[in-house]
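J.: One structure, pasted below without further comment.
2 protein chains.
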Amino acid sequence: MSRQPSSTPPRPQGWLRVIGLGPGDPALLAPAARAALSEAEDIIGYRTYIQLAGPFRDDQRVHDSDNRVELERARHAFQLAAAGHRVVVVSSGDPGIFAMATAVMEALEQAKDPVWGAVDLQIIPGISAAQAAAARIGAPLGHDFCTLSLSDNLKPWSVIARRLQLAAEADLVIALYNPSSRARPHQFSEALALLRAHRAPETPVILGRSIGRIDEQVIVTTLAEVDPEQVDMRTVIIIGSSQTRTLEAAEGQRWVYTPRWYPEAG
Amino acid sequence: MSRQPSSTPPRPQGWLRVIGLGPGDPALLAPAARAALSEAEDIIGYRTYIQLAGPFRDDQRVHDSDNRVELERARHAFQLAAAGHRVVVVSSGDPGIFAMATAVMEALEQAKDPVWGAVDLQIIPGISAAQAAAARIGAPLGHDFCTLSLSDNLKPWSVIARRLQLAAEADLVIALYNPSSRARPHQFSEALALLRAHRAPETPVILGRSIGRIDEQVIVTTLAEVDPEQVDMRTVIIIGSSQTRTLEAAEGQRWVYTPRWYPEAG
Chain B
78 MSRQPSSTPP RPQGWLRVIG LGPGDPALLA PAARAALSEA EDIIGYRTYI
128 QLAGPFRDDQ RVHDSDNRVE LERARHAFQL AAAGHRVVVV SSGDPGIFAM
178 ATAVMEALEQ AKDPVWGAVD LQIIPGISAA QAAAARIGAP LGHDFCTLSL
228 SDNLKPWSVI ARRLQLAAEA DLVIALYNPS SRARPHQFSE ALALLRAHRA
278 PETPVILGRS IGRIDEQVIV TTLAEVDPEQ VDMRTVIIIG SSQTRTLEAA
328 EGQRWVYTPR WYPEAG
Chain G
78 MSRQPSSTPP RPQGWLRVIG LGPGDPALLA PAARAALSEA EDIIGYRTYI
128 QLAGPFRDDQ RVHDSDNRVE LERARHAFQL AAAGHRVVVV SSGDPGIFAM
178 ATAVMEALEQ AKDPVWGAVD LQIIPGISAA QAAAARIGAP LGHDFCTLSL
228 SDNLKPWSVI ARRLQLAAEA DLVIALYNPS SRARPHQFSE ALALLRAHRA
278 PETPVILGRS IGRIDEQVIV TTLAEVDPEQ VDMRTVIIIG SSQTRTLEAA
328 EGQRWVYTPR WYPEAG
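Residue numbers (the numbering used here), protein chains in the order written: chain B, 78 to 343; chain G, 78 to 343.
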């Protein structure tokens with residue numbers, strides 16, 4: 078056989094898998110993600126998630142790092158995979174939803190080394206925090222919804238405020254990620270003020286934290302009563318639409334859901 | 078010990094688990110869902126999904142049904158669980174996203190038998206179709222997005238059109254479920270006309286179908302070129318925002334992603 082000329086470098090022996098741990102409960106971790114963790118030579122990720130993903134064997138190399146260095150982590154992963162290693166990048170939730178898959182794509186687009194483009198790259202989806210919180214409490218995401226990040230590290234607050242405003246006008250259920258941070262503690266309060274201008278005080282609000290982990294917390298409250306002090310960077314928030322309902326099926330057992338039907342405009 | 082008086086009936090022996098199969102690939106099925114399927118005495122669901130969830134043992138009873146009888150299926154599940162059976166209701170994707178968890182909540186709220194409220198009910202989340210399609214092609218859902226159903230079986234088209242309009246104005250990535258049906262084939266064409274008025278012709282559009290199954294299909298096209306003939310009821314569609322990018326990392330290997338950053342308004 079003759080050698081085919083090609084502008085693409087030959088595929089390296091290594092591979093790169095970007096996985097999501099889901100909410101943290103191993104019973105919700107996809108078998109494909111579990112397999113990738115087991116086959117990996119190098120595991121890269123934010124320290125907290127690496128701890129959830131382990132333990133690892135002595136022959137596996139763990140590269141943990143602080144938060145906020147997503148792009149560096151992604152580049153490191155490509156370097157190792159291009160050099161022939163089997164590499165897993167660990168995210169929480171779904172790597173495709175406010176997590177590492179985007180940083181991996183950014184690193185790939187900016188790659189100086191064309192071998193990175195030839196790396197066998199797979200993204201393995203996972204269950205995101207809002208889905209896990211929703212399942213614990215019923216079906217609040219059962220109808221049209223949106224998923225917004227309140228972090229203004231990488232986008233201006235004006236864009237966030239405008240999106241909240243339009244999502245409120247559209248009467249979408251709203252899942253909020255990254256509601257506050259030490260650097261900017263007021264995002265969630267500002268978002269609440271905006272949403273309270275559009276939705277009834279009794280609109281159900283769900284606060285989910287560490288779902289499926291030992292310190293799991295799910296709070297059902299209302300738009301009038303929710304207190305920003307109840308929320309930190311690890312909380313996912315679900316704000317109901319005008320149709321979202323709370324029902325008490327048995328003593329102490331409250332469920333929240335958004336019906337499949339929507340009334341005709343009056 | 079004295080018997081505690083209570084208005085809640087005693088919890089029946091049976092239980093009810095509402096599970097999602099994910100996109101259909103067993104490697105993406107949560108172990109908790111797999112365990113529920115294994116422990117169940119009765120399995121209830123739409124015929125197509127039951128086939129994906131099986132095979133089942135001789136001692137398991139399978140209750141399959143046509144599509145569009147969600148509420149009947151949910152009531153049947155509560156009847157069996159209240160009578161002491163271990164029951165699984167099977168959805169595709171995530172049961173909480175345009176799937177069976179909502180119908181189960183509706184059945185519970187309308188329950189005539191108070192024992193239904195005492196049933197041990199758990200909803201086990203799964204990976205939804207848009208997440209699976211996104212992972213195959215990169216990270217198009219990596220930034221703010223919304224998830225809308227185009228079905229007007231249970232909501233008026235005017236609500237759908239208004240939500241599309243506002244989501245387009247908010248520059249959200251848009252995942253569309255239930256894009257067309259035999260009863261109403263024009264939804265997706267109407268949605269496209271609306272979106273084309275807001276977004277550039279070269280906006281990336283992803284069509285995903287049967288991800289992780291043997292007939293998997295992922296098409297990357299643009300808002301200008303997408304053809305409603307490429308879409309059926311089993312297709313999930315992802316429409317990029319103004320920031321969503323396509324990159325060709327190697328020959329024939331195209332990726333689509335939405336960056337984490339968003340520019341200041343010009």
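Glycine included, each C-beta is placed from N, C-alpha and C at the ideal position.
On a predicted model such as this, the values are computed, not experimentally measured, just so you know.
Evaluate G121 (chain G) with the Cβ neighbour count: other Cβ atoms within 10 Å of its Cβ, from every protein chain shown; 16 or more gives buried, anything less gives exposed.
T.: As written in the sequence, residue 121 (chain G) is Ile, which differs from the Gly given in the question. So I121 (chain G) counts as buried.
J.: Beta strand (DSSP E) containing T299 (chain G): first to last residue?
T.: Per DSSP, T299 (chain G) is one residue of the beta strand (DSSP E) stretching across Q294 to T299.
J.: Taking 6 Å as the limit between beta carbons, can you name the residues of its chain near A151 (chain B), skipping five residues before and five after?
T.: A180, V181 and A184
J.: Taking A130 (chain B) and L93 (chain B) to be in contact with their CB atoms under 8 Å, please state how far apart those CB atoms are, rounded to whole angstroms.
T.: The beta-carbon distance between A130 (chain B) and L93 (chain B), rounded to whole angstroms, is 16 Å. This is too long to meet the 8 Å contact definition.
J.: Could you work out which residue in B:L105, B:A274, B:I96 and B:R261 is closest to A209 (chain B) when comparing CA atoms only?
T.: B:L105
J.: Let me check understanding here. Comparing Cα to Cα, which of G:G91, G:L114, G:Q199 and G:I283 lies closest to L218 (chain G)?
T.: G:I283
J.: Taking the C-alpha atoms as reference points, what is the distance between R337 (chain B) and K232 (chain G)?
T.: 8 Å
J.: Buried or exposed for P340 (chain B), please, with buried defined as at least 16 other CB atoms from any protein chain shown within 10 angstroms of its CB.
T.: Its Cβ having fewer than 16 others within 10 Å, P340 (chain B) is exposed.
J.: For P305 (chain B), collect the residues of the same chain with a Cβ closer than 6 Å to its Cβ; drop the 5 residues on either side in sequence, then sort them by chain order.
T.: If we look at P305 (chain B) and ignore the five residues flanking it on each side, its Cβ neighbours are F265 and S266.
J.: Smallest Cα separation from A159 (chain B): which of B:A188, B:V192, B:S168 and B:R286?
T.: B:V192
J.: Sort G:H162, G:R311 and G:V297 by Cα distance to Y334 (chain G) and report the nearest one.
T.: G:V297
J.: Within 10 angstroms of the Cβ of R213 (chain G), are there 16 or more other Cβ atoms? Answer buried if so, exposed if not.
T.: buried
J.: Do S257 (chain B) and D309 (chain B) come within 9 Å of each other at the CB atom, strictly closer than that value?
T.: yes
J.: In three-state DSSP terms, what is E118 (chain B)?
T.: coil
J.: Using a Cβ cut-off of 8 Å, pull out every chain D residue sitting near R239 (chain G), in sequence order please.
T.: Judged by its chain identifiers, the structure shown contains no chain D, and its protein chains are B and G.
J.: Does the Cβ of P87 (chain G) have 16 or more other Cβ atoms within 10 Å, making it buried, or fewer, making it exposed?
T.: Looking at its Cβ environment, which holds fewer than 16 other Cβ atoms inside 10 Å, P87 (chain G) is exposed.
J.: List the residues that DSSP assigns as beta-bridge partners of P281 (chain B).
T.: B:T299
J.: Rounded to whole angstroms, what's the CA-CA distance from I237 (chain G) to D229 (chain G)? Just pull it up for me.
T.: Their Cα atoms are separated by approximately 8 Å.
J.: What do you reckon, are the CB atoms on I96 (chain B) and I201 (chain B) nearer than 9 Å?
T.: yes
J.: Are the beta-carbon atoms of L300 (chain G) and E279 (chain G) separated by less than 9 Å?
T.: In this structure, E279 (chain G) lies closer than 9 Å to L300 (chain G) by Cβ.
J.: E183 (chain G) touches chain B at which residues, Cβ-Cβ below 7 Å?
T.: Near E183 (chain G) (Cβ distances below 7 Å), the residues of chain B are P336.
J.: Quick one: residues in its chain with C-beta nearer than 8 Å to the C-beta of E149 (chain B), no 5 flanking neighbours on either side, listed in chain order?
T.: S142
J.: Report the start-end ranges of each alpha helix (DSSP H) in the region 306-341 of chain B that is 4 residues or longer and not cut off at the edges.
T.: Within the region 306-341 of chain B, not a single complete alpha helix (DSSP H) segment reaches 4 residues in length.
J.: Who are the near neighbours of R331 (chain G) in its chain, counting only those whose CB is closer than 8 Å to its CB and skipping five residues on each side?
T.: I214, V297, T323, L324 and E325
J.: Quick one: is E118 (chain G) near chain B, going by C-beta distance under 9 Å?
T.: no
J.: Evaluate A71 (chain G) with the Cβ neighbour count: other Cβ atoms within 10 Å of its Cβ, from every protein chain shown; 16 or more gives buried, anything less gives exposed.
T.: Residue 71 (chain G) lies beyond the range of chain G shown here (78 to 343); nothing can be said about it.
J.: Please tell me whether L272 (chain G) has its Cβ less than 9 Å away from any Cβ of chain B.
T.: No, L272 (chain G) does not count as interfacial toward chain B.
J.: Between which two residues does the alpha helix (DSSP H) harbouring F133 (chain B) extend?
T.: From DSSP, F133 (chain B) is part of no alpha helix (DSSP H); its letter is neither H nor E.
J.: Rank B:I288, B:V303, B:A277 and B:E328 by C-alpha distance to the C-alpha of S319 (chain B) and give the top, closest one.
T.: Out of B:I288, B:V303, B:A277 and B:E328, B:A277 has the C-alpha closest to the C-alpha of S319 (chain B).
J.: Comparing alpha-carbon positions, which option in G:G289, G:G317 and G:G203 lies nearest A110 (chain G)?
T.: G:G203
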